[in-house]
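> Take this structure first; my questions come after.
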Amino acid sequence: MAPEEKPYHAKRPHRKSRLGCRNCKTRRVKCDEAKPSCRNCNLRRETCAYPSLSHPPPPPSGPASSSSASALASYSGLSGVATAPVPAPLPPSSPLSLRTAISPAASSTSLLLAQKSSPAPSSGSRRGSDHDSLHSRDSTELIIVDEPAVRFAGADDQDMKLLWFYTTETYASFSVETGRIPIVDSILKSDIVRFAFQSPFLMDCILGLSAMHMQSLHMVVPMSKAIIYKARAFSGYRKAIERAQPKDYPALLGCSILLCALSSGLFREPDMKPLYVIDWMVVWRGIGLIMEFVPAEALFSSGLDKLFSRPAFNLNHAALYIPSDLLFMITSIKEGDEDYPYIDAYYGTLKFLGGLYLELEAGISPLLSLRIITFFTFLPNPFIELGRKHRPKALIIIAHYLAFLKMVENVWWLVGIADRGLQDIIDHVGPEWQSLLTVPRAAVGLYDKVELAKLIKGNHAWQPAEVDQIVLHPHNLTMVNNVGEEVAYDKQRGWVPLAKTTVQDHAIAWLDVGVTDVL
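Each residue of the sequence shown is one higher than the last, beginning at 1 in full-length UniProt numbering.
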């Protein structure tokens, strides 16, 4: 007997509530209006603040006209996120808006009337652009929100839920300062998704990441789905490299970054193999290999080049901040030692590590976090091989880096990595090396970033600079080569170093933020 069909009910018109908290208003997401703290703020560990009701917003005056939509097309919304264009056919290069989960030509556009209010300051929240402060506290405006109209091939409800979650939450996991660099936000939540519709392995990577993110928030996701997405992402990525089809170049670039987060899930598995941090380091180094594999013209034509900006290093200056015990570990290598041929690789890596100590002199800042996250992308290939061979000196250097990694907060996919990696290294190296692991050993189980900084600096009286005392320079999204130099691409000469400038100073920090920002 066929199951009884449910009667169809037309969607009833309803009034949009505008009584949500300030954080939800800023991020343009629905607030459940729970008191004292809404669900979204609880999940994001933000301070939840509701606007005053002394000046209630006016009621909606009816559906918006097409002229209103046209007027809003050029408005750059809160948090530096561009609102959607008017509902008309768009070229493939057009950026998608906050909730777009499909290609531009297949999106439907709805108009919402929303009250805009200045969010309460929160150290952990996504910061909006300076443009926000120019608007009145209780002004009301129309916001255009794109919503999925169709599914991608083979997608079910769970797939669409995961894709939606990526475009609203997970995309922000790969930028040090989400909301302050609109072009990077747009690439991560829109362009990456657009390329995923062309290359299924990137879509699998996105869905796998979204599933892992939701699981980290204790949200229900079928385990079988999460496992399948992850397996297909890695398998498809490898096959795409073998095929080397130009249409997959943008997806390969994006996937090389996202896989660093996707592969971090194994750190939280109880049966993870020892020293998995070495395998993870190899995944990070894969970003550089893909950059060499994909033609530079394809990188720039895809529009993804901003994801690969990194902070430049003054390695000569950074070398002065290498811890003396680590420096002696390398300078004491004698001819005939098995590590003697690799002195340059060890010293080159130590200079990048010294750059982290140098940046810490300026205080705890977003730039320090960016340098920490991108550290593995700078490592010379010979050092990677030393790590794969589990050479004690290489493991000790990595252990000191992992102490820094614990200072990066509010990045869900980094949780548990440092402690697991540190303990593996401490357990692996012999007793003759333990004296060089005093700081990494003390960092295990320590989570306060100020206390970690005191430990790393060896100064328990140290106090971080106040936020308003740190000089913040304009964002500088530049390409940087593997020796820390800013470079520009020339069709005839390839990547050419720019004129020498002071790119790292312990008192003045350039805020490059883009994946790299990740990377």
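All residues carry an ideal CB built from backbone N, CA and C; glycine is no exception.
Bear in mind the structure is a predicted one, so any value in this text is a computation, not a measurement.
What do you get for residue 445, buried or exposed, if any count of 16 or more other CB atoms within 10 angstroms of its CB means buried?
The residue you call residue 445 lines up with position 445 of the sequence shown. Under this definition residue 445 is an exposed residue.
> Which stretch, first to last residue, makes up the alpha helix (DSSP H) that contains residue 450?
Position 450 of the sequence shown, counted from the first residue, corresponds to residue 450. Looking at the DSSP string, the run of the alpha helix (DSSP H) that includes residue 450 is 449-457.
> Can you list, in chain order, the residues of its chain with a C-beta nearer than 7 Å to that of residue 384? Leave out the 5 residues immediately preceding and following it.
Looking up residue 384 in the sequence shown gives position 384. Cβ neighbours of residue 384 beyond the five flanking positions: 281, 282, 285.
> What did DSSP end up calling residue 85 once you bin it into helix, strand or coil?
Locating residue 85 in the sequence shown gives position 85, where the first residue counts as 1. Here residue 85 scores only 33 on pLDDT, less than 50, and its place in the model is too uncertain to base an answer on.
> Measuring alpha carbon to alpha carbon, tell me which residue in 250, 222, 211, 202 is nearest residue 232.
The sequence position of residue 232 within the sequence shown is 232, counting from 1. Ranking the options by Cα distance to residue 232, first place goes to 202.
> May I have the straight-line CA-CA distance separating residue 523 from residue 42, to the nearest angstrom?
No answer is possible for residue 523: it lies beyond the span of the chain, which begins at 1 and ends at 519.
> Which two residues bound the contiguous alpha helix (DSSP H) that contains residue 297?
In the sequence shown, counting from the first residue as 1, residue 297 sits at position 297. Unbroken alpha helix (DSSP H) run through residue 297: 296-302.
> Of the choices 482, 216, 277, 347, whose alpha-carbon is the least far from that of residue 399?
Start at 1 with the first residue of the sequence shown, and residue 399 comes out as number 399. Of 482, 216, 277, 347, the residue nearest in Cα terms is 277.
> Which value, in whole angstroms, describes the spacing of the CA atoms of residue 181 and residue 206?
Start at 1 with the first residue of the sequence shown, and residue 181 comes out as number 181. Start at 1 with the first residue of the sequence shown, and residue 206 comes out as number 206. If you take the alpha carbons of residue 181 and residue 206, they lie about 21 Å apart.
> Given residue 287, which residues of its chain have a CB within under 7 Å of its CB, disregarding the five upstream and five downstream residues?
Here residue 287 refers to the residue found at position 287 when the sequence shown is read from its first residue. Hits under 7 Å: 256, 257, 377, 519.
> How many Å lie between residue 381 and residue 349 at the Cα?
If you number the sequence shown from 1, residue 381 lands on position 381. If you number the sequence shown from 1, residue 349 lands on position 349. Their Cα atoms are separated by approximately 10 Å.
> Can you give me the start and stop residues for the alpha helix (DSSP H) that residue 184 sits inside?
The residue given as residue 184 occupies position 184 in the sequence shown. Residue 184 -> alpha helix (DSSP H) spans 182-186.
> How is residue 341 classed by DSSP in three states: helix, strand or coil?
As a position in the sequence shown, residue 341 is number 341, starting the count at 1. Helix, per DSSP.
> Can you pull the DSSP bridge partners for residue 494?
For the purposes of this step, residue 494 is taken as residue 494 along the sequence shown, with counting starting at 1. The partner list for residue 494 (beta bridge, DSSP) reads 490.
> Excluding the 5 residues flanking residue 214 on each side, which residues of the same chain have their C-beta closer than 7 Å to its C-beta?
Start at 1 with the first residue of the sequence shown, and residue 214 comes out as number 214. So the qualifying residues of the chain are 165, 221.
> So which of 48, 393, 162, 477 has the shortest CA-CA distance to residue 326?
Here residue 326 corresponds to residue number 326 of the sequence shown, with the count starting at 1. Taking only the C-alpha atoms, the option nearest residue 326 is 393.
> Shortest alpha-carbon distance to residue 426 belongs to which of 237, 414, 324, 440?
On the sequence shown, residue 426 is found 426 positions in, with the first residue counted as 1. Among 237, 414, 324, 440, the Cα nearest to that of residue 426 belongs to 440.
> Fully enclosed by the segment 224-288, which alpha helix (DSSP H) runs are 4 residues long or longer?
Counting only runs of 4 or more, we get 249-262.
> Going by beta carbon distance, what residues of the same chain come within less than 6 Å of residue 189, once the five residues before and after it are set aside?
Counting from one through the sequence shown, the residue named residue 189 turns up at place 189. Within the same chain, residue 189 has close Cβ partners 167, 171.
> Between residue 353 and residue 372, is the Cβ-Cβ spacing less than 8 Å?
In the sequence shown, residue 353 corresponds to position 353, counting from 1. In the sequence shown, residue 372 corresponds to position 372, counting from 1. Not in contact: residue 353 and residue 372 (Cβ atoms no closer than 8 Å).
> Mind checking which residues open and close the alpha helix (DSSP H) that includes residue 401?
Against the sequence shown, residue 401 aligns to sequence position 401. First-last of the alpha helix (DSSP H) with residue 401: 392-405.
> Can you give me the C-alpha to C-alpha distance between residue 30 and residue 208, rounded to a whole angstrom?
By 1-based counting over the sequence shown, the position of residue 30 is 30. By 1-based counting over the sequence shown, the position of residue 208 is 208. If you take the alpha carbons of residue 30 and residue 208, they lie about 24 Å apart.
> Pull up the CB-CB distance for residue 252 and residue 290, whole angstroms please, since I reckon it's below 8 Å.
Looking up residue 252 in the sequence shown gives position 252. Looking up residue 290 in the sequence shown gives position 290. That pair is a contact at about 6 Å.
> Just mark residue 227 as buried or exposed, buried being the case when its beta carbon has 16 or more other beta carbons within 10 Å.
For the purposes of this step, residue 227 is identified with residue 227 of the sequence shown, where counting begins at 1. So residue 227 counts as exposed.
> Within 10 Å of its beta-carbon, does residue 496 have 16 or more other beta-carbons around it, so buried, or fewer, so exposed?
One-based indexing of the sequence shown puts residue 496 at position 496. With fewer than 16 other Cβ atoms within 10 Å, it is exposed.
> Helix, strand or coil for residue 480, going by three-state DSSP, please let me know.
As a first step, residue 480 is located in the sequence shown; it is residue number 480 there, counting from the start. Note: residue 480 maps to strand in three-state DSSP.
> Between residue 317 and residue 358, which are expected to be in contact by the criterion C-beta below 8 Å, what is the C-beta distance as a whole number of angstroms?
The residue labelled residue 317 in the question sits at position 317 within the sequence shown. The residue labelled residue 358 in the question sits at position 358 within the sequence shown. Indeed, because the Cβ distance is near 6 Å, the residues count as touching under 8 Å.
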